[in-house]
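Visitor: The numbering of the sequence shown is this note's numbering, which starts it at 1 and goes up by one.
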Amino acid sequence: MRLRLTVDLPYPTDIARVCEGIQQDVAERVAQLTGLRVREVTLTVRRLLTAAEAGKGRVR
């Protein structure tokens with residue numbers, strides 16, 4: 001299984017480190033919930049958010 005996700009991240013952030021953590025967490029959680037092996041999680045960073053914008057977070 002392959003997943004594609006789009007995320008907004010807070011600014012400033014270590015983009016590489018945060019994305020690696022998200023990829024790992026998502027793959028593990030999907031495997032736990034579905035029993036399916038996630039071979040790839042592709043992330044697109046849509047934008048970097050200021051502290052004021054990050055407080056208005058939402059999940060779609």
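Where is the CB? At the ideal position from N, CA and C, for every residue including glycine.
All of these numbers come straight from a predicted model, not from anything done at the bench.
Given that a residue counts as buried once 16 or more other Cβ atoms are within 10 Å of its Cβ, and exposed if not, what is Val41?
Guide: The residue in question, Val41, is buried, as its Cβ has 16 or more Cβ neighbours within 10 Å.
Visitor: Helix, strand or coil for Thr44? Go by DSSP, reduced to three states.
Guide: strand
Visitor: Determine the closest residue to Leu5 out of Ala51, Ala54 and Arg46, with distance taken between C-alpha atoms.
Guide: Scanning Ala51, Ala54 and Arg46 for the CA closest to the CA of Leu5 turns up Arg46.
Visitor: Can the beta-carbon of Val7 be found less than 9 Å from the beta-carbon of Thr44?
Guide: yes
Visitor: So what's Arg2 in DSSP terms, helix, strand or just coil?
Guide: Assignment of Arg2 by DSSP, reduced to helix, strand and coil, places it in the strand class.
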